[in-house]
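*Asks:*
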Amino acid sequence: MISSGLGALLSHWRRRPLQLAMLLLGLSLATALWSGVQAINAEARASYDRAAAMLGQDRFDQLVPTSGEEVSQETFARLSRAGWKVSPIVEGEWRVGTSRIHLIGVDPVTLPSGATAAALGVTSDLLAFITPPGLLYVSSETAERLKGNSTPPLKVSPGMLPSTAIADIGIAQGLLDKPMLVSRFVVSPDQPMGRPELSVVAPELSLKKPDVQGDLSRLTDSFHLNLTAFGFLAFAVGLFIVYSTIGLAFEQRRPTFRTLRSLGIPATTLMGLLLIELLVFAVFSGLMGVALGYILASFLLPGVAATLSSLYGASVDGALTFRSGWVLSGLAIAVAGTLLSAAQSLLQISRMPLLAPAQPRAWARASERLILVQSAAALVLLVAAAALSEWGSGLVMGFAVLACLLLGAALLLPGVLSGFLALMSRTSTRPVALWFWADTRQQIPGLALALMALLIALSANVGVGTMVSSFRSTFTGWLDQRLASELYLTARTDEEGDRLARWLRPRVEAVLPVWNAEGDIDGQPGQVFGVVDHRTYRDKWPLLEAVPNAWDRIVSGDAALVNEQLFRRGHHSLGDMITLPRGWKVPIVGVYSDYGNPTGQAIVAIDALTHHYPNVSRLRFGVRVDPQKVSALRREVVDTFGLPPQNVVDQANLKRRSLEVFEQTFSVTAALNVLTLCVAGVALFASMTTLSGMRLPQLAPVWAMGLTRRRLAELEFWRTMLLVLVTLVLAIPVGIALAWVLLAVVNVEAFGWRLPLRLFPADWLRLGGLAILAALVSVVVPLRRLSKVTPATLLKVFADER
Amino acid sequence: MVLSLSGVSKHYDTAEGPLAVLSDIDLDLAAGSSLALTGESGSGKSTLLHLAGGLDKPDRGQIVVAGQAVSEMDDRGRAAVRRGVVGLVFQQFNLIPSLDVAANLSFHARLAERSDPAWEAELADRLGLLPLMRRYPEQLSGGQQQRVAIGRTLATRPALILADEPTGNLDEANGDTVMTLMLELIAETDSALLMVTHSTRLAGRLDRQVKLTQGRIVP
Numbered sequence: 096m097i098s099s100g101l102g103a104l105l106s107h108w109r110r111r112p113l114q115l116a117m118l119l120l121g122l123s124l125a126t127a128l129w130s131g132v133q134a135i136n137a138e139a140r141a142s143y144d145r146a147a148a149m150l151g152q153d154r155f156d157q158l159v160p161t162s163g164e165e166v167s168q169e170t171f172a173r174l175s176r177a178g179w180k181v182s183p184i185v186e187g188e189w190r191v192g193t194s195r196i197h198l199i200g201v202d203p204v205t206l207p208s209g210a211t212a213a214a215l216g217v218t219s220d221l222l223a224f225i226t227p228p229g230l231l232y233v234s235s236e237t238a239e240r241l242k243g244n245s246t247p248p249l250k251v252s253p254g255m256l257p258s259t260a261i262a263d264i265g266i267a268q269g270l271l272d273k274p275m276l277v278s279r280f281v282v283s284p285d286q287p288m289g290r291p292e293l294s295v296v297a298p299e300l301s302l303k304k305p306d307v308q309g310d311l312s313r314l315t316d317s318f319h320l321n322l323t324a325f326g327f328l329a330f331a332v333g334l335f336i337v338y339s340t341i342g343l344a345f346e347q348r349r350p351t352f353r354t355l356r357s358l359g360i361p362a363t364t365l366m367g368l369l370l371i372e373l374l375v376f377a378v379f380s381g382l383m384g385v386a387l388g389y390i391l392a393s394f395l396l397p398g399v400a401a402t403l404s405s406l407y408g409a410s411v412d413g414a415l416t417f418r419s420g421w422v423l424s425g426l427a428i429a430v431a432g433t434l435l436s437a438a439q440s441l442l443q444i445s446r447m448p449l450l451a452p453a454q455p456r457a458w459a460r461a462s463e464r465l466i467l468v469q470s471a472a473a474l475v476l477l478v479a480a481a482a483l484s485e486w487g488s489g490l491v492m493g494f495a496v497l498a499c500l501l502l503g504a505a506l507l508l509p510g511v512l513s514g515f516l517a518l519m520s521r522t523s524t525r526p527v528a529l530w531f532w533a534d535t536r537q538q539i540p541g542l543a544l545a546l547m548a549l550l551i552a553l554s555a556n557v558g559v560g561t562m563v564s565s566f567r568s569t570f571t572g573w574l575d576q577r578l579a580s581e582l583y584l585t586a587r588t589d590e591e592g593d594r595l596a597r598w599l600r601p602r603v604e605a606v607l608p609v610w611n612a613e614g615d616i617d618g619q620p621g622q623v624f625g626v627v628d629h630r631t632y633r634d635k636w637p638l639l640e641a642v643p644n645a646w647d648r649i650v651s652g653d654a655a656l657v658n659e660q661l662f663r664r665g666h667h668s669l670g671d672m673i674t675l676p677r678g679w680k681v682p683i684v685g686v687y688s689d690y691g692n693p694t695g696q697a698i699v700a701i702d703a704l705t706h707h708y709p710n711v712s713r714l715r716f717g718v719r720v721d722p723q724k725v726s727a728l729r730r731e732v733v734d735t736f737g738l739p740p741q742n743v744v745d746q747a748n749l750k751r752r753s754l755e756v757f758e759q760t761f762s763v764t765a766a767l768n769v770l771t772l773c774v775a776g777v778a779l780f781a782s783m784t785t786l787s788g789m790r791l792p793q794l795a796p797v798w799a800m801g802l803t804r805r806r807l808a809e810l811e812f813w814r815t816m817l818l819v820l821v822t823l824v825l826a827i828p829v830g831i832a833l834a835w836v837l838l839a840v841v842n843v844e845a846f847g848w849r850l851p852l853r854l855f856p857a858d859w860l861r862l863g864g865l866a867i868l869a870a871l872v873s874v875v876v877p878l879r880r881l882s883k884v885t886p887a888t889l890l891k892v893f894a895d896e897r
Numbered sequence: 054m055v056l057s058l059s060g061v062s063k064h065y066d067t068a069e070g071p072l073a074v075l076s077d078i079d080l081d082l083a084a085g086s087s088l089a090l091t092g093e094s095g096s097g098k099s100t101l102l103h104l105a106g107g108l109d110k111p112d113r114g115q116i117v118v119a120g121q122a123v124s125e126m127d128d129r130g131r132a133a134v135r136r137g138v139v140g141l142v143f144q145q146f147n148l149i150p151s152l153d154v155a156a157n158l159s160f161h162a163r164l165a166e167r168s169d170p171a172w173e174a175e176l177a178d179r180l181g182l183l184p185l186m187r188r189y190p191e192q193l194s195g196g197q198q199q200r201v202a203i204g205r206t207l208a209t210r211p212a213l214i215l216a217d218e219p220t221g222n223l224d225e226a227n228g229d230t231v232m233t234l235m236l237e238l239i240a241e242t243d244s245a246l247l248m249v250t251h252s253t254r255l256a257g258r259l260d261r262q263v264k265l266t267q268g269r270i271v272p
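Protein chains in written order, with our numbering: chain P, 96 to 897; chain Y, 54 to 272.
1. Would you identify the three-state DSSP class for D263 (chain P), choosing helix, strand or coil?
2. For G60 (chain Y), does the three-state DSSP call read helix, strand or coil?
3. Please state whether DSSP places E186 (chain P) in a helix, a strand or coil.
4. Can you name the start and end residues of the alpha helix (DSSP H) that I97 (chain P) belongs to?
5. Which residues in chain Y have a C-beta closer than 7 Å to the C-beta of A103 (chain P)? List them in chain order.
6. Within 8 Å (strictly less), CB to CB, does R110 (chain P) reach chain Y?
7. Using a cut-off of 9 Å between C-beta atoms, extract the partners of A133 (chain Y) located in chain P.
8. Exposed or buried, which one is D689 (chain P) when buried takes at least 16 other CB atoms within 10 Å?
9. For chain P, is any of its Cβ atoms less than 8 Å away from the one on D128 (chain Y)?
10. Can you give the Cα-Cα distance for T771 (chain P) and A552 (chain P), rounded to whole angstroms?
11. Closest to R236 (chain P) by CA distance: which of P:S580, P:E485, P:K250 is it?
12. For V756 (chain P) and P397 (chain P), what's the separation of their Cα atoms in angstroms?
13. Leaving aside the five residues before and after R853 (chain P) along the sequence, list all residues of the same chain whose C-beta is less than 7 Å from its C-beta, in chain order.
14. Within the 8 Å Cβ cut-off, does L164 (chain Y) reach chain P?
15. Note down the Cα distance separating A156 (chain Y) from V385 (chain P), rounded to an integer number of angstroms.
16. Between N222 (chain Y) and the rest of its own chain, which residues show a CB-CB distance below 6 Å, the 5 nearest in sequence each way excluded?
17. Kindly give me the distance between the Cβ atoms of Q168 (chain P) and L276 (chain P), rounded to whole angstroms, as I take these residues to be in contact under 8 Å.
18. For the ligand NAP, is there a heavy atom less than 7 Å away from the beta-carbon of L476 (chain P)?
19. Taking the alpha carbon of L441 (chain P) as the point to measure from, which residue in P:G652, P:L370, P:L119, P:F570 has its own alpha carbon closest?
20. Are the CB atoms of L259 (chain Y) and A286 (chain Y) within a distance shorter than 8 Å?
21. Please report the straight-line C-alpha distance between S554 (chain P) and G830 (chain P), rounded to a whole angstrom.
22. Are L122 (chain P) and G503 (chain P) touching if we call contact CB-CB under 8 Å?
23. Quick check on the DSSP output: the alpha helix (DSSP H) that includes M492 (chain P) runs from which residue to which?
24. Does the contact criterion of 3 or more C-beta pairs under 8 Å hold for the region 711-730 of chain P versus the region 574-592 of chain P?
25. Verify the CB distance criterion: does L223 (chain Y) have a CB-CB separation below 8 Å to chain P?
26. How is H667 (chain P) classed by DSSP in three states: helix, strand or coil?
27. Against chain P, with Cβ distances strictly below 8 Å, would T253 (chain Y) count as a contact?
28. List the endpoints of the continuous beta strand (DSSP E) containing G130 (chain Y).
29. Is there a Cβ of chain P sitting closer than 8 Å to that of R187 (chain Y), yes or no?
30. Assuming L779 (chain P) and L881 (chain P) make a contact with CB atoms under 8 Å, what is their CB distance in whole Å?
31. Quick check: L833 (chain P) and L497 (chain P), are their CB atoms within less than 8 Å of each other?
32. Is P792 (chain P) close to chain Y, meaning its C-beta is less than 8 Å from at least one C-beta of that chain?
33. List the DSSP bridge partners of G621 (chain P).
34. At a Cβ threshold of 8 Å, is R210 (chain Y) touching chain P?
35. So with CB distances below 7 Å, who are the chain P contacts of L141 (chain Y)?
Put into structure tokens, the structure is as follows:
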């Protein structure tokens, strides 16, 4: 009984391979986009975990300088003498040619055995490691980058992160130019009893507990949440296809279900068989989806890795590792999505009375009744979105607003379309037009899901496109303000910096130091920059808000400007006091935009900076000079000081690099956006193709009354175009609302900056073109079917009704 | 007795209140015999057929099919009776549209685990279906579809065949041909036949006739 029943159910798909292909394709695509994003996230998180585990930050206590700067190695001696079992670490950015490497110096003798550096085998090569020139442990990718540069001997270790190197602390101090300095200490878990308190031995240090999540993981959370939200959006759009195809397949098989029941298959067995059928499809599509997701992630991961590196300084492997976690999650979500999509249909079948007459299109008629309920639910969701954006807070709330907005708009679509078509029907007098509008309205329930999926995809495209374009436009203007100097120079030593500045002053309009100290600002890692009093800042610096005479206050040395993210994160107001490294408290007199920077930043007068942080490195300068003279000056600087070319960067070059970083940041978003639109296109194609098989009973009477098949095909074509165009027109305001939420709510919560909304109608036209293309593709099969239908087939409709 | 109904009543709830469809029906049908159930539309003929086939449950009374009290059974039990004991022939044919004629013909027998390819081949031959075996229901005429439905039912050699207006969708000539074939084959399988029909001419070809009026058997 089981095999016969299952065979009868599956025979439906054998007779409708296109419908089966749509179901499997929809589910595979949905799973692919979801699992692709999960694969990227899993890879990134694994890298963060490795970074945290590199020196045992995830397992061991740490002693860190309260000032945020390095402490003298003498502190280590003091701690050791007092009985503290700690291991010193020095770390920093090490410039090698054009590469920047995160160099970590460790003391292999005192390092606790659980720290990754110990696991790398450093201790087995001890003599070579600690004896000059030392050994550098690097990944194969880093070794490749360092090839040809003058470095200590390299030893490739598969456990190393990209762009990271481990060396002996003495060697690293030399390479980083941090002689006898220590960045932090790893605390061994087995400490002697009765040792003196830390506040007595080393008051300049504070104890930091193990950080399981890791700083990078926390910092990049918003980025991954954004990716996950996109993956989920694409998955939801894919589920529309699955829901639509399953619903129609169940509806088409309703008479078969009844026949099977009447021939002796119990209702529970029938439900079981349907569940088996669905699970087979779900597992097959899930596996396909996971494989596609892997390919997708492989393509996107290098872009994501570059983005994470430029935005957060996070090192993520550019190559994907096969992880069972996301494979299983991909399969699980495919199965869950299929069951969710089929739940309503299964429920209807379980409640289907055995004796009720088979009702073709009953599903569509029930959907018509649902339109009113859907519209009411849509209004509730839209009101909820407005209320949440007005009174809610937090990133999750931001995504809740997006979800309410998109779902509300999608649910409202059938009602709006139905109302529009009813209006057109009332205003039509010619019989064909009257039939056209009424018939189109009758199609709405069957096409509603595909159109809703299309609306969501188009809205997401408009919304994300508007956000990215607004961001690009703002960012470009901001770069013009921020990178006002025509040339940027980096000296190799402080002494060379002084000479360079003295040499430049008579030759240029102004030399603007770009010096900064690093440390905790309001308890979070940040940077303090110093500025000289020059009109470049007064005229060009992008202040979002400021007290009157803010620049005068800055020059006086007792005030600070802060970047937007620091200002928003701390919920500050102008005039609030802020604590800079080493406990220096100053009032905030202004806020400036600082896109692309995840950390807090403050600006003070240059004299105040050097006064409070005398060890600040004085290497970098901005130079104001006649743009015509930039090339000549650049050559002269290189010739006179022998500076490497990468240390002399002109404004245009810097802007181009910044914009490249910007474009890369959104390349993943753009790719996911396009893929979501593709999925929606497939949804439309699936619905149109499936419905076209059920159209004959509606078309035959009109054909019998004198409309040619060609005329009917034309009307079918215009019907699809009309529905897609109306959906597109509705998607634009929804997309703009979406962009507003992204710019004013999600970005502020995720990155700490708010951007102005700008509209780009040319982008909408391009998107409209794509939507029309999707519509054209989706009507190909129905039109071909209609053009091939024979008069005998049309007549059969009446014969069947006899 | 293959079929025995005693004191069977059935009502449906309507917007106007409960509507009695069958009242105190007593009916017996022996193996190899045939009975025509006639009456006006709404007299309860189809309801009686559905109750006999275990498609529905009576409010009161007992229904026994081939020694099994169908009226006392749950859904699973009644499904087993339909699968193994009863054969149903509908006015609407109710073939499985996605299976071809050959698969439809053997489908019920395979469900009942009584598939007999030789018997099915003979049925196909006798019903004139051999040239149509690879066709799908939508490619058949009404008469052809009904011959497939009859073949599907007879392939299981059921103890009881319940037919609801089996020729109602066919013209007179086609209907007569199908009916003749069906009666011949039923006689060979020794099945009992309970057939609902409006046609007194068709009813006259069966062993007995019972008329229903407003849910009661007219003496």
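Using N, Cα and C, we set each Cβ at its ideal position, and we do this for glycine too.
*Replies:* Judging by the given coordinates:
1. strand
2. strand
3. strand
4. 97-110
5. I149, L152, F160
6. yes
7. G359, P361
8. buried
9. yes
10. 6 Å
11. The question names Arg, but residue 236 (chain P) in the sequence shown is Glu. Ranking the options by Cα distance to E236 (chain P), first place goes to P:K250.
12. 13 Å
13. S564, S565, S568
14. yes
15. 36 Å
16. Q144, G195
17. 7 Å
18. The ligand content of the structure shown is nil, which means the ligand NAP is not present either.
19. P:L370
20. Since the first residue shown for chain Y is 54 and the last is 272, residue 286 (chain Y) is missing from the structure and cannot be characterised.
21. 4 Å
22. no
23. 490-522
24. yes
25. no
26. coil
27. no
28. Not the beta strand (DSSP E): G130 (chain Y) falls in the alpha helix (DSSP H), residues 128-137.
29. no
30. Incorrect: roughly 17 Å between the Cβ atoms, too far for contact.
31. yes
32. no
33. P:G614, P:G695
34. no
35. S357
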